[in-house]
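If you read the protein sequences in the order shown, they are chains A and B.
So in numbering that gives the first Met the number 0, spot 348 of the first sequence is number 347, and the numbers just go up one at a time.
So in numbering that gives the first Met the number 0, spot 528 of the second sequence is number 527, and the numbers just go up one at a time.
To start, the structure itself, in structure tokens.
There are 2 protein chains.
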Amino acid sequence: MTKSETSVSPLTLLRAELTRRGLDGFVVPRSDEHQGEYVPPSAQRLAWLTGFTGSAGMAVALIERAAFFTDGRYTLQAKTEVDARAFELLHLVDAPPAGWIEANLPSGARLGYDPWLHTPDGVTALKEAAERAGGTLVPVDGNPIDAVWRDRPEPPTEPIVAHPLEFAGQDARDKRRAIAETLAKNHLDAAVLTAPDSIAWLLNVRGGDLPYTPLPLSFAVIGADGHVAWFVDRRKIGPGLGEHLGNDVTVEPPSGFGPGLDALGEKRVRVDFGTAPAWVYDRLTASGAKIVRGSDPCQLPKACKNEAELDGMRGAHRRDGAAVVGFLSWLAERGPKGGLGEIAAADKLESFRAKGEHFRGLSFPTIAGAGPHGAIVHYRASRQSERTIEPGQLFLLDSGAQYADGTTDITRTIAIGAVGAEERHRFTLVLKGHIALARARFPTGTTGSQLDALARQPLWAEGLDYDHGTGHGVGSFLGVHEGPQRISKVASAQALLPGMIVSDEPGYYKTGAYGIRIENLIAVRTDGAAENSDKPWLAFETLTLVPIDLALVESASLSAAEIDWLNAYHARVRSEITPLVDAATAQWLEDATRPI
Amino acid sequence: MTKSETSVSPLTLLRAELTRRGLDGFVVPRSDEHQGEYVPPSAQRLAWLTGFTGSAGMAVALIERAAFFTDGRYTLQAKTEVDARAFELLHLVDAPPAGWIEANLPSGARLGYDPWLHTPDGVTALKEAAERAGGTLVPVDGNPIDAVWRDRPEPPTEPIVAHPLEFAGQDARDKRRAIAETLAKNHLDAAVLTAPDSIAWLLNVRGGDLPYTPLPLSFAVIGADGHVAWFVDRRKIGPGLGEHLGNDVTVEPPSGFGPGLDALGEKRVRVDFGTAPAWVYDRLTASGAKIVRGSDPCQLPKACKNEAELDGMRGAHRRDGAAVVGFLSWLAERGPKGGLGEIAAADKLESFRAKGEHFRGLSFPTIAGAGPHGAIVHYRASRQSERTIEPGQLFLLDSGAQYADGTTDITRTIAIGAVGAEERHRFTLVLKGHIALARARFPTGTTGSQLDALARQPLWAEGLDYDHGTGHGVGSFLGVHEGPQRISKVASAQALLPGMIVSDEPGYYKTGAYGIRIENLIAVRTDGAAENSDKPWLAFETLTLVPIDLALVESASLSAAEIDWLNAYHARVRSEITPLVDAATAQWLEDATRPI
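In structure tokens, the structure reads:
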């Protein structure tokens, strides 16, 4: 007998608890209170309930039936991880939870949700769905999963440290003053901060509550006078930090957050409806505060890196480039012999990185996909699933690291031995798209949605595409994914601004066969001015410094301008990385960066 | 003494009327009750008040001061037309009315607005501005301008005629049934229709209440049962039309519109907040209707032309092409002699078009700009301002016509004699952008905002741009501008769908020197499928059939693919237009379409 037939399933435990509370269902999102990409083990309620370990999903558990939703990236993974007898498996976008609730919630039923784990807009969508079904959506006081989850891990309490001015480039007092001015200009008395990276940026602190991202989890309120009330577990705060924070930051326990919001009654308070929990909205509403919808005021200044942060990113990318080049040189020898496991390859790469100055860990779990595994966009090798890298295959390697002075994220697709003409042709189409974005020059005011098609057009012309964004924002020793900047099909009104960093990562994926992706990080820089205008023209500076595999480049398909770009990029990689690697690696690098 | 010093100005008349009504100010938009591009003379209140004749503007008249707002296209025109001593002249986007009201409306003041002439969202913006100033925004009952506007023209009552099935391609009953299904699927009981082109499309009728656009002005309500209540002046309805409309369309007088809305109490009613007057919103709210915000349900099916409409467009473009080719052949002889006036040129072009079958008039006032006038994007020649076309200049000609089977809009830029290298180079950049969009292939779901940059990139790369959209939607014997489709920087979630028609019109403008624009209409068509998918791939079919001036093409700057496109386009123009023109014109055409 297997375990699932003998033990009581989490779904059964949850249903009993719902019945005890007079609820007919419960919505279980993947997020925690901060709506971030990573959640600590204590908040992995969706994984506890369904077994699903991906980064996007939601479950709705009713008494008689249940459904699990994820997006295209994780459909295959959900099939192996989630019990299809217990959960109907559905597509988060094509068959979203609201529609399923409307169709399946019994009339008169009470559907529960945890107001800490949904944004106000998310609650509205669920509420309308429940009401269309003739039911009601009911907030819970205390998550019912926590009541029945035996051995639930404790919330993390990793120490918080100061992020030095050398790398931050701006004193925290100056940041607070600038945010306070923004609030005052918008006739606001305060803003609630619930995004951990915003708080880390604002206070120039870093922590360790989450994997891959140096963030402490906490909440804060900043007033139009620049004062910050920081609601954070005191156990995380070491002896020297108080001095770093200064007098204008008051440290209060997390339990003080509610009373802190109550004190904002009658005030005009900005809340970011994209990231704040509905709980904040409800509490402020009850306090009589005038809630003003608007983006987290730290988001945009955090996204526009200052010169010290850009210099830090450049240094981190040189060290990271040397590490990846070291690995690729090793792989050029080891790969064609066959039998190298995906996990062993990822570990080897990490060992090269770990030697670098300021290394603080990986910025996300390495995606090392051999052959057909490369076609799984968010693939993560496990001991059970991993393949070995064999001659004749493509090997897709997407990885990155956190350094105290910057965050990296790079994808290279490598030919192991000789590969087919189709692979080379499509790699070249992806490369043309990558170059088109990297070379783009554009006026102030241009958004990432406007530029996205430049990277897709070479593939589109041959009826091909990739089902992910072209670029995501990247933080400065913060999240490897950050907003509001991105290069994406999704309509956006956010202009690309000088200092923003995004990835440039078009790809192509042939299910069951191979995957291709070429990713560099690029920074928005001013580059001249418009004719008869003082409005700056913008262009990208490429930060990543690692050769692109010339064995995969069909040079006859490249234009002269594209060949010039590739040769200039490789010349720069060679000149910046050669001094950082040993003689054998330098020799490999010289060949890998030869002009074509 | 000039006239303005002896007679009482409209602004003075309005202020007296405002005072009589206890108002401290009044907002005067350019729009009528239908928010369309053209307004009948009876609704040209902004022109009466300020003298401004452009298509985008607003005035705010307070007792002590007044302001006039227009956008970048009309800034120069406003300076000549509007009295700067009476009105502060401001930029509609950079210094919008709301900000001016906030800064200038006295505390406690009552600012009036006509709820027929603003959308609900427009009213919200004005209301917030008035309240931030400490005043209130007050709806008027009857427009105060109408009370003091002596000799105000009567509203138009041009006859309404049936639009034959041969050109409409779908019976009006089938259209009503499809819209009714859309409403039912969205749990709606009815939709209010206030856009004249939606009503004309739905009922397969055309009229003549507006210049350049074959529209009757009216209102309608369509129910989820497919029944239409049409609120329209009976004097416009000829004897045969009742039969064409059938039993499911009830004709009611315009005065019945209010009671018609009252009858929707308790119903779920869709209102398009982008085009409906606030008056409709207010009346429905008072009636107890549940207002559901959503797009006009006719908008999308109207935008996706059926095969009969596309065939009509193709036929109209052949006749229009023959007319423009006839004109260009004539201009090739006449132009280099010098002294040809802009108005004479436009009239000559119209005379060629008027000979075409199904010709019903121009689709907008011809823009015929010689030399520096070409740089004025929405230039309209007047007897006072016109220039003559001289050798060495560029001549920009943007024009179009209404035919019973289709609507055209074309811009050509023509070298008169020999022109400079800069003009040729920049014309070639614009051509590269035009070709990039025309050649684009893209997956289902792609929006016009995603494609816009393809047309700009060649200019952007040299620090140049144009300050208008790349393409607007075009109707089928309806408005030459229609939504929701467009090719624009402005973020949009509207995918391009098969049958949609847009213009492809990148440009470049050097103030005081010359203007360049190349415009064809293009239709979205399916073009194969994605790899391993049944989702159609899309591409554009070019409808416009007129040569692009080869004297302006710097062929060394074109790629092989661009030259192939241009030669194939010209071969098609030659083969389709030659049979429709006389021998001399055919000879000119042969040379104008020679391969390069």
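Here a beta-carbon is modelled for each residue, glycine too, at the ideal position from N, C-alpha and C.
Is the number of C-beta pairs between the segment 268-277 of chain B and the segment 246-256 of chain B that are closer than 8 Å three or more? No, because fewer than three Cβ pairs between the segment 268-277 of chain B and the segment 246-256 of chain B fall closer than 8 Å, the two stretches do not touch.
Output the boundary residues of the alpha helix (DSSP H) element that contains Val429(A). 420-438 is the span of the alpha helix (DSSP H), which, as asked, contains Val429(A).
Can you tell me whether Thr592(A) is buried or exposed, with buried defined as 16 or more other CB within 10 angstroms of its CB? By the 16-neighbour rule on beta-carbons within 10 angstroms, Thr592(A) is buried.
Three-state secondary structure (DSSP) of Lys336(B): In the structure shown, Lys336(B) falls within a helical segment according to DSSP collapsed to helix, strand and coil.
Would you identify the three-state DSSP class for Asn203(B), choosing helix, strand or coil? Coil.
On the CB-based measure, 16 or more other CB atoms within 10 Å of its CB, does Leu63(B) come out buried or exposed? In the sequence under discussion, the amino acid at residue 63(B) is Glu, which differs from the Leu named in the question. Under this definition Glu63(B) is an exposed residue.
Would you kindly work out how many angstroms separate the C-alpha atoms of Thr135(A) and Glu265(B), rounded to a whole number? Rounded to whole angstroms, Thr135(A) to Glu265(B) spans 22 Å at the Cα level.
Complete alpha helix (DSSP H) runs within the segment 191-236 of chain A (minimum length 4 residues, chain order): If we require 4 residues or more, the alpha helix (DSSP H) runs fully inside the segment 191-236 of chain A come out as 195-202.
I'd like the list of long-range same chain contacts for His316(A), defined as Cβ closer than 8 Å, with 5 residues on each side in sequence excluded. Closer than 8 Å at Cβ, skipping near neighbours: Gly405, Thr407, Leu520, Leu542, Thr543, Leu544.
To the nearest angstrom, how far is it from the Cα of Pro9(A) to the Cα of Ile144(A)? Those two C-alpha atoms are separated by around 9 Å.
Have a look at His90(A), Gly370(A), His569(A), Val523(A) and flag the residue whose alpha-carbon is nearest the alpha-carbon of Gly338(A). Here the closest residue by C-alpha is Gly370(A).
Suppose you measure from the CA of Val323(B) to the CA of Thr410(B); what does that come to, to the nearest Å? Each residue's Cα considered, the two are about 10 Å apart.
At which residue ranges does the segment 494-580 of chain A contain complete beta strand (DSSP E) runs of 3 or more residues, listed in the order of the chain? Within the segment 494-580 of chain A, the complete beta strand (DSSP E) runs of at least 3 residues are 500-503, 506-509, 513-516, 519-528, 535-541.
Please check if any C-beta of chain B sits within less than 7 Å of the C-beta of Glu4(A). Its pLDDT being 46, under 50, Glu4(A) is placed unreliably in this model, and the coordinates cannot settle the point.
Within chain A, the residues that Asp446(B) reaches when beta carbons sit closer than 9 Å: Rather than Asp, the amino acid found at residue 446(B) in this sequence is Thr. Proximity of chain A to Thr446(B) at the Cβ level (cut-off 9 Å) is accounted for by Ser448, Lys488, Ala490, in chain order.
With a cut-off of 7 Å, does the C-beta of Gly225(A) fall near any C-beta of chain B? No Cβ of chain B is located within less than 7 Å of the beta carbon of Gly225(A).
Mapping the DSSP letters down to three states, classify Lys488(B) as helix, strand or coil. In the structure shown, Lys488(B) sits in coil (DSSP, three-state: anything other than H, G, I, E or B).
Locate the alpha helix (DSSP H) running through Asp397(B), then write down its first and last residues. Premise fails: Asp397(B) lies in the beta strand (DSSP E), 393-398, not in any alpha helix (DSSP H).
Reference Leu45(B), options Val59(B), Tyr37(B), Arg29(B), Val38(B), closest by Cα: If we check each option's Cα against that of Leu45(B), Arg29(B) comes out closest.
Going by other Cβ atoms of all chains shown within 10 Å of its Cβ, with 16 needed for buried, is Pro276(A) buried or exposed? Under this definition Pro276(A) is a buried residue.
Suppose you measure from the CA of Leu201(A) to the CA of Leu164(A); what does that come to, to the nearest Å? Looking at the two C-alpha atoms, the distance is approximately 12 Å.
At least 3 beta-carbon pairs within less than 8 Å: the segment 423-439 of chain A vs the segment 374-387 of chain A: No contact exists between the segment 423-439 of chain A and the segment 374-387 of chain A.
Nearest to Leu549(A) by CA position, among Thr123(A), Tyr402(A), Trp587(A), Glu349(A), is which residue? When each option's Cα is compared against that of Leu549(A), the closest is Trp587(A).
Which residues in chain B sit within 7 Å of Ala459(A), going by Cβ to Cβ distance? Ala is not the amino acid found at residue 459(A); the sequence shown has Trp there. Within chain B, the residues near Trp459(A) are Arg440, Phe441, Pro442.
Just to confirm, is the Cβ distance from Ile486(A) to Val501(A) under 7 Å? Between Ile486(A) and Val501(A), the CB-CB gap stays under 7 Å.
Give me the chain B residues within the contact set of Trp536(A), using Cβ-Cβ distance strictly less than 7 Å, ordered along the chain. Here the neighbours are Gly462.
Beta-carbon proximity list for Ala223(B), same chain, < 7 Å, skipping 5 on both sides: Only residues of its own chain outside the window of five on either side were considered, and among them Ala179, Leu182, Ala183, Leu187, Asp188, Ala189 have a CB closer than 7 Å to the CB of Ala223(B), listed in chain order.
Taking all protein chains shown into account, do 16 or more other C-beta atoms lie within 10 angstroms of the C-beta of Lys78(A), making it buried, or fewer, making it exposed? Classification for Lys78(A): exposed.
If the cut is a Cβ gap below 8 Å, which residues of chain A does Ala345(B) touch? The contacting residues do not exist; Ala345(B) stays about 29 Å from chain A at best.
Looking only at C-alpha atoms, which of Lys509(A), Gln401(A), His467(A), Gln449(A) sits nearest to Ser491(A)? Here the closest residue by C-alpha is Gln449(A).
Measure from the alpha carbon of Ala600(A) to the alpha carbon of each residue in Ala585(A), Asp295(A), Leu430(A), then state which is nearest. Nothing can be reported for residue 600(A), as the shown portion of chain A is limited to 0 through 595.
Hey, does Ala529(A) have any beta-carbon neighbour from chain B nearer than 7 Å? For Ala529(A), the answer is yes, since a Cβ of chain B falls inside 7 Å of its Cβ.
Distance, Cα to Cα, Ile595(A) vs Ala55(A)? Rounded to whole angstroms, Ile595(A) to Ala55(A) spans 42 Å at the Cα level.
Contact set between Leu453(B) and chain A, taken where Cβ atoms lie within less than 7 Å: In chain order: Ala452, Gln456.
Return helix, strand or coil for Met57(B), following the three-state DSSP convention. Strand, per DSSP.
In its own chain, which residues sit with a C-beta less than 7 Å from the C-beta of Ile512(A), not counting the 5 before and 5 after it? In the sequence on display, residue 512(A) carries Ala and not Ile. Only Pro371, Ala374 meet the Cβ criterion.
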